[in-house]
Amino acid sequence: MQQKTQRIISIALVALMCMTLAVIKWRSQEMPAQHITYPAFLEKLTSGEIAEVNLTTSQTLTAKDTEGHSLTFDNPRMDNFKHMLLLSGASVTENTGDAVGYAVLLAAVLLGAFYLKKKNRQSERGFIGSIGHAKESTVPSIKFDDVAANEEALESLRDLLSFIQSPEHYNRFGARIPRGVMLYGMPGTGKTLMARALAGEAGVPFFAVNGADFVEMYVGVGASRIRSLFKQARKAGNAVIFIDEIDAIGKKRDNRSDEREQTLNALLSEMSGFRDQDGIVVLAATNRIDTLDEALLRAGRFDRHIEVPLPGLEERVKILTVHAQNKPMAKDVSLKDLASQTALFSGAKLESVLNEAAILAAKRNAESIETEDVNRAMDHMLFGMDRHGIASIEREREITAAHEAGHALLTAILLPESNIKKVSIVPTGKGAAGYSMAIAPERMFHQKQELLHHIAVALGGREAEALLLGSERVSTGASNDIEKATSLAMRMVNEWGMLPQSDDVYLFSQSQKDQAAQQWLKLGQNLAASVLSRYAAAWEDITAMLLSLESIGNHEVQACIANNDISA
Ligand code: ADP
Ligand code: MG
Ligand code: ZN
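Sequential numbering of the sequence shown, starting at 21, is according to the working numbering.
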């Protein structure tokens, strides 16, 4: 149906172009019109010699006399000119002036040409008609070994490997097989690289498309392209399908076009049409998982989510090492130093620093890449950012470190049974500047005091910022924490009847309840502030450690506390 409409449009446009050309040709062949003065025209009009006048807004008007000769005369631009013409018995046609007319014709020609060109380009790429070649359908030569760092993400991908290779095996056990995997993380973190590595490792063809290619396509083309992509993959038997930048087609529904809607629906229906024996997985990548339509992330679709974070310090060393392998690096170049200067750099950026350094060394005709080349490459990389930008990134890192150190310290002191897994100032793919992860012991009942401590831990990030900057200059980084603390305080009051001051479990009005919850929050905040100032030295050490190592664990946090023993 859609294709039929398109065909009609294209035929109509071609016809219009031909007609336009014919009209232009015909016009140029027409006998030249005789130009007469306005009074002469009026004379002819009153004597009934004018048969037809074409009214336009242009400077000269054309008319035909009763013998069929064309005349032109200056447009009098009179308000009731038409009224006068009609009274005289001449017939009046009205259309846009010649200039405008030509403009319209020209626009039609251009539009037609553009449409045909676009259509051409599309069929060059192979859809419409024989519809559909993915950009690539060979087995990539990349393996998991080519991906440095990203250990957790790679681990999840390894799980998929044996499934792609032998789906029958899983079938026998009635296992529901993961079909759709969403890789999310900032640009340049290696999502495409890992998708290719999965296909390379499994030794199956890799079919890749980019969501951005589907934008501004004609209705129906995207959908048929998706269908043909899957058809090809099925033909190959076992395969990896990769949809890069899926946000271009999978954004939340509010402002999606018809075309995207159809493309997305085609994708979803293809994914639900997998047969058990197909050894196909579909990987998609996005920088912004929070902007995606939930329909995409539901069970049976892209229900496995793998975060691909920015590399931390150690991981940067590994990535740099991989990319330094095929380059003649001088002995004195320290990849460790380079890693520590490149906080928040993605894998792609790290690769390009080394590449830039290699180019500089080659220009110098040097034997190897020296520290000097690396430093200059870094300068080039940072050139786009002005001093101020760099300074403010540094400042943000400090604030994040102080904030996360606050959570960590308070967890260690107030919730000693919790297990601190990781404290980090590496931003996550979900928009957090840093995080601290602690696992609380599983328990049936929670005590009032313990719950208060949880509130204090949650508010500890903000309190730490206040300690660093003064309470007037805290950041917006704590909004999540405050939400968490508030909802806990509300539950304490509403569900568990816990009040800060009395044993009374009955509160009669909403405002009484709100007041009680507020008191809990205030108590939690004060507790956080007092612990932070008691352990200020330990908190500062944790902050400093986070700034240099970026991610630390329980061990480091405990060491900072022990080194600043306040009982001594
Ligand atoms: P994304 O798809 O997440 O935007 P890419 O996979 O396109 O990122 O990464 C671009 C390039 O950056 C890769 O081709 C590779 O050279 C380099 N790179 C990124 N992450 C890594 C990594 N973990 N290990 C090795 N190289 C990496
Ligand atoms: Mg990519
Ligand atoms: Zn926080």
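Yeah, the Cβ is synthetic: ideal placement off N, Cα and C, and Gly gets one too.
Span of the beta strand (DSSP E) around residue i
| i | result |
| --- | --- |
| VAL112 | 111–114 |
| TYR459 | The residue asked about is misnamed: residue 459 is Ile in this sequence, not Tyr. 455–459 is the extent of the beta strand (DSSP E) around ILE459. |
| ILE261 | 258–264 |
| SER354 | Unbroken run through SER354: none, as it is neither H nor E. |
| VAL159 | First-last for VAL159: undefined, no H or E at that position. |
| PHE226 | 226–230 |
DSSP three-state assignment for residue i, whether helix, strand or coil
| i | result |
| --- | --- |
| GLY205 | coil |
| HIS466 | coil |
| LEU81 | strand |
| THR212 | helix |
| SER388 | coil |
| GLY117 | Unreliable positioning characterises GLY117 in this predicted model, as indicated by a pLDDT of 46, which lies under 50. A coordinate reading is not provided. |
| SER587 | coil |
| GLN54 | strand |
| ILE341 | According to the sequence displayed, residue 341 carries Thr and not Ile. Helix. |
| GLY573 | coil |
| ALA579 | helix |
| ASN95 | coil |
| LYS271 | strand |
| ALA589 | No answer is possible for residue 589: it lies beyond the span of the chain, which begins at 21 and ends at 588. |
| GLU515 | coil |
| HIS325 | strand |
| GLU69 | coil |
| ASN346 | coil |
| LEU487 | helix |
| GLY200 | strand |
| LEU435 | coil |
| LEU330 | coil |
| ILE445 | coil |
| LEU364 | coil |
| SER495 | coil |
| SER615 | One cannot answer for residue 615 here, as it falls past the ends of the chain, which runs 21 to 588. |
Residue i classed as buried or exposed, judged by whether at least 16 other C-beta atoms fall within 10 angstroms
| i | result |
| --- | --- |
| ALA217 | buried |
| SER67 | exposed |
| HIS189 | exposed |
| PRO436 | exposed |
| SER456 | buried |
| THR265 | The sequence given here has Glu at residue 265, not Thr. With 16 or more Cβ atoms within 10 Å of its Cβ, GLU265 is classed as buried. |
| MET202 | buried |
| THR76 | buried |
| PHE322 | buried |
| ARG280 | buried |
| ILE572 | buried |
| LEU472 | buried |
| MET98 | exposed |
| GLU172 | exposed |
| HIS575 | exposed |
| ARG493 | exposed |
| LEU106 | exposed |
| ALA60 | exposed |
| GLN545 | buried |
| ASN583 | exposed |
| ILE459 | exposed |
The alpha helix (DSSP H) enclosing residue i, as first and last residue numbers
| i | result |
| --- | --- |
| ALA195 | Per DSSP, ALA195 belongs to no alpha helix (DSSP H) and is neither H nor E. |
| PHE101 | 101–108 |
| THR563 | 556–569 |
| GLY299 | That residue, GLY299, is in no alpha helix (DSSP H); its beta strand (DSSP E) goes 299–306. |
| ARG280 | 278–292 |
| ASN375 | 367–383 |
| PHE183 | 171–185 |
| ALA315 | 314–317 |
Distance between beta carbons of residue j and residue i, contact taken as under 8 Å
| i | j | result |
| --- | --- | --- |
| LEU434 | VAL577 | In fact, because the Cβ distance is near 13 Å, the residues do not count as touching under 8 Å. |
| LEU620 | PRO520 | Here the chain covers residues 21 to 588 and nothing more, so residue 620 does not appear. |
| ASP393 | ALA368 | Actually they do not touch by this definition, with Cβ atoms about 19 Å apart. |
| LEU370 | ARG336 | 6 Å |
| VAL446 | GLY332 | 5 Å |
| GLU570 | ALA363 | 7 Å |
Residue i at chain D interface by Cβ criterion, 8 Å
| i | result |
| --- | --- |
| ALA486 | The chain inventory of the structure shown lacks chain D, comprising one protein chain alone. |
Validate contact between the region 219–229 and the region 253–270 using beta carbons, cut 8 Å, 3 pairs: yes
Inter-stretch contact at 8 Å, needing at least 3 Cβ pairs: the region 237–252 / the region 278–295: yes
The region 351–369 contacting the region 231–240, beta-carbon criterion three pairs below 8 Å: no
Three-pair Cβ contact test at 8 Å for the region 202–211 versus the region 295–308: yes
At least 3 beta-carbon pairs within less than 8 Å: the region 386–397 vs the region 344–358: yes
Segment contact flag, the region 416–427 with the region 470–487, C-beta cutoff 8 Å, min 3 pairs: yes
At least three beta-carbon pairs within less than 8 Å, the region 500–519 to the region 532–543: yes
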